[in-house]
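Only one structure is covered here, and it is reproduced in the block below.
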Amino acid sequence: MMNKKYLNLILSVFFILLLSGFSEVDAAFEKPNSWRGMTMITPASQWREGLPSGNGKIGALVYGRIHKERILFNHNELWYGGRIVDVPDVSAELPVVRKLMLEGKYLEANDHYTNVLREKGIGSNARYHPAFDLLLTTETNRIFQDYKRTLNFETGEVEVLWRDGDTRFSRKLFVSIPDDISVMSLTADKKGIVSGAVTLDIHDLQDAIEKNGELFDPGFNYQSWAEGEFVIFSADGTDGGEFGAVARIIPAGGEMKTDAGGNISFKNSDEVLLLIGLFANEPASNAIARIKERLAAFDEGYGELLGRHQAIHNERFNSMAININSSEKSNTPNEYLLLDAYQGDISTELNQRLFDYGRYLLISSSRGGGYPPNLQGIWNGDYRPPWAGFLGLNENLQMTYWQGLPGNLPETMMGFYDYFDSELDNFRFNAEKLWGTRGIFIPPFMSPESGMMRHSAPHVVNWTDAAGWLASYYYDYYLFTGDKAFLKERAIPFMKEVALFYEDFIVKDDNGKNMFFPSQSPENQPKNMMIVNPETGREKRIKVQINSTIAVAISKEVFTNLITACELLGVEKKGVKRWKAILADMPEYQINEDGALKEWMHPDFKDNYEHRHQSHIYPLFPGHEITEESNPKLYEASKVAIEKRLTIGLKSQTGWSLAHMANVYARLGDGERAKEALDILSRCCLGQNLFTYHNDWRDMGVTVDLTYGRSAPFQMDANFGIPAAMTEMLCSSTSDMLRILPALPGEWAEGSFSNVLTRVGVSTSAQWNMNVNEIRVSLVAGRDTSFDLKFASEIISFESNAQDAVADAKYGNHYKRITLEKGDKLGLTIKLK
């Protein structure tokens, strides 16, 4: 019998000859039809409109002003105003709360834990704060012309360009991944004409503003000065830690001198190079000397430093790509795209840019060994940012990383895994003291300098499933990458910690089914439990519940993934037996009188559709338990449930909830509704630099109405959720099924994607033209795998370079069964009805 490898090789050659041109799928990604970046033709009026650069730890926002430029710098370890104390032992209160709930005394139960924790003292979360501003003054002779500022997604480089008379000027900046510094270059197209002055200063204190709009003193003591070729900034935070920066100014020719007030000025230079190093939570005396010595050792020019950084950044950015933009316009300024969007014309160019931008932002704000991105990523100019800039673990951080693994960015995920692994001791302490359980409890809202629980609001303390949701990313890492060492050494240990918590926390009802209480469906409250105080007229919302659907879904997912992983590796046989018994006692999902999946699996709690969170949809998305194939009835009930969220219009929705909704519609196979959600987001929740906002910042009467200080809250979760949704629309996977173009909107009739990682263990590329209903697919197996391949409509013809790898599937003529060994490459050409 012919060896399978040789047979595949022969068939591959035949297939290439038969289907000439298939290699164009890969070629489409080697030379994208448009430049990957953004252009703006106006400078920023405030920090939220700056163009971002970052290396996962250090962030810079370039305003793009000519005469008086301001660049805001951030360091993701700069948090202040928090208080860390050990969580008091309140585990004895759990039976008290449960007794109140079983007696129907939900109002008393709602505040019980909150009141006890506040009496005993629980600490407080810190706030994320800016590091400093680099202030650059340059001389001008005439009114500027030909102004633009650009951000190159493929390099991480921000450039400001303009013409002064007959002289063209350029400023470029990036934050280096390998060198961990920011690099800036000032040039002109004439010799000896670059002049100006540089200083470092505290970030604009006009951004020290309370939620109600009042200014406050953030309490930092700071100073800046110049020494030789260095400008230095140092500050001490309210928590005692020192932070600051050193900038080295290197002119090529001309004059340089130190001015009073900590400035260094330069005159008549050919070029000026700035190297900026930051420090955080370190004695300034040590840090400044260390950074000065390090900066002094650099002897490379801007191009060499950029090349070293670009080699890493570019490889990450281009490790996966989507191309839906067939327009000849590839670099339309943001301002024009947004003006069209406000009129309802959402171009594929804007969709494409938002995909690329979200990908760029994740690469630039997440790296191994550091903190995960917060609500603002790593870019923030507020001294009291919305919700303190914390890590929101009942939706926000999860959305941040939805794109990471399918987007072929496993290294960005290390910022996630490294951080949560490092805080396991604190998470264990939380579980023991709050609930009296083994395992871990991860606070739903936290500032990252400590994993200790420091928030006592009912909707926070009563939500016990953050750790379970995060555990899905650990198992996913194995599915997407095939890394068994990670599965054994990191994923199974983390999932076991979560399972231990559930083993101790779950109780049985009268029918022997598992009960989860106190429970929470994140931030929502039942329709029948919003109580109005007759004296004050204020509404009291009950945030303590029984058997929220998301709690059941997450716990089932944890046990299912843990069992599968342990059986794969042949470990934890006693644990597997216990976990299977717990799974067997899970309550069944319920459907309400409207035909919608219920948000609470208990008769006391009535569904409330007027809310931005879509937590009860978890078994469909972001989970994988409910699919059209596995449970059509619950699949339809999930569709009804998401539709009910829109019955009251957009008033209860936000930028991030629209991104979430796009992902849900993608999972439901509805490309038009998914794109509609993205389009609504683009019309109402995008800033000029395409940063996303919690709600419509222009007060146009759509989305939730909320102002935080001077603006609707800027938060980056929707920026990250958009590329996740677009990927789901084009290439979606569970552990046993790969869906090609499952939710393709009509406007994306032609396009391609490359190197999307999937849960079935194959890297997937495709090129499609739905005007003729043809798709070409390339699959590369990262591990041995067998799965169903699904298309959105009936297959008319199907050609393959390895026929023995393809068989008919049990589900019908939309599907094929694929079996591959690690390293196999499968090419397909499909015609659909």
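Quick note, the sequence shown lines up with residues 441 to 1273 if you use this note's numbering.
We put the CB at the ideal spot given by N, CA and C, even for glycine.
According to DSSP, what are the bridge partners of P492?
-> L501
When burial is assigned at 16 or more other CB atoms within 10 Å of the CB, is N968 buried or exposed?
-> exposed
If you run the structure through DSSP and keep just helix, strand and coil, what is Q486?
-> coil
Short Cβ contact (9 Å threshold) for I946 with L910 | Taking 9 Å as the Cβ cut-off, I946 and L910 do not qualify as a contacting pair.
Rounded C-alpha distance that separates A571 from F513 = 6 Å
Start and end residues, alpha helix (DSSP H) containing E1076 | Bounds of the alpha helix (DSSP H) holding E1076 are 1072-1084.
By Cβ distance, which residues of its chain are closer than 6 Å to E594, with the 5 residues on each side in sequence left out?
-> R476, N754, F757
Going by C-alpha distance, which of A628, Y942, Q1207, N866 is nearest W903?
-> Y942
For N514, the residue or residues it bridges with in DSSP | G499
Can you give the Cα-Cα distance for R505 and H643, rounded to whole angstroms?
-> 16 Å
CB-CB length for Q838 against Y568, believed under 8 Å | That belief does not hold up - the Cβ atoms of Q838 and Y568 are roughly 19 Å apart, past 8 Å.
Look at the alpha carbon of L1184 and the alpha carbon of F706, and state the distance between them as a whole number of angstroms.
-> Straight-line Cα distance between these residues: approximately 55 Å.
To the nearest angstrom, report how far apart I716 and N1241 are at their CA atoms.
-> 53 Å
Does DSSP put K1038 in a helix, a strand or coil?
-> coil
Return the chain-ordered list of same chain residues with a C-beta closer than 6 Å to the C-beta of N954, the five sequence neighbours on each side being excluded.
-> Excluding sequence neighbours, N954 sits near I946, D1025, M1026.
Would you tell me roughly how many angstroms separate the C-alpha atoms of V1104 and Q965, rounded to the nearest one?
-> Cα to Cα, the separation comes out at about 21 Å.
According to the Cβ coordinates, are P636 and T698 closer than 9 Å?
-> Note that residue 636 corresponds to Gly in the displayed sequence, not to Pro. No, Cβ-Cβ distance for G636 and T698 is not below 9 Å.
From which residue to which residue does the alpha helix (DSSP H) around M839 run?
-> 836-841
Cα separation between S759 and L801?
-> 15 Å
Buried versus exposed call for L1260 [16 or more other C-beta atoms within 10 Å across all chains shown] | buried
Counting Cβ pairs, one atom from each stretch, are 3 or more of them under 8 Å apart for the region 777-791 and the region 735-747?
-> no
Quick check: the region 1263-1271 against the region 1208-1219, are there 3 or more CB pairs under 8 Å?
-> yes
Distance, G952 Cα to I1236 Cα | 50 Å
From the DSSP output, which residues share a beta bridge with E509?
-> L576
From the DSSP output, read off the bridge partner residues of Y1255.
-> K1230
Could you name each continuous beta strand (DSSP E) segment of 3 residues or more that falls completely within the region 736-819, going from the start of the chain to the end?
-> 761-763
Using only alpha-carbon positions, find the residue among W602, G596, T590 that is nearest to R582.
-> W602
Range covered by the alpha helix (DSSP H) that runs through N866 | First-last of the alpha helix (DSSP H) with N866: 864-875.
Could you spell out the range, first to last residue, of the beta strand (DSSP E) harbouring R476?
-> Secondary structure note for R476: it is in no beta strand (DSSP E), with a DSSP letter that is neither H nor E.
Bridge partners - G636, DSSP secondary structure assignment | T578, F706
A1171 by DSSP, collapsed to three states: which one?
-> A small correction: the amino acid at residue 1171 is Cys; Ala does not occupy that position in the sequence shown. Strand at C1171.
Could you pull the start and end residues of the alpha helix (DSSP H) that D1119 belongs to?
-> Residues 1111-1124.
Identify whether Y546 lies in helix, strand or coil by the three-state DSSP scheme.
-> The answer is helix: DSSP assigns Y546 an H, G or I state.
Look at the alpha carbon of A1106 and the alpha carbon of A1114, and state the distance between them as a whole number of angstroms.
-> Distance between the alpha carbons of A1106 and A1114 is about 6 Å.
Backbone CA spacing between P528 and N565 [nearest angstrom] = 16 Å
Pair within 9 Å by beta-carbon distance, T1198 and P846 = Yes, Cβ-Cβ distance for T1198 and P846 is below 9 Å.
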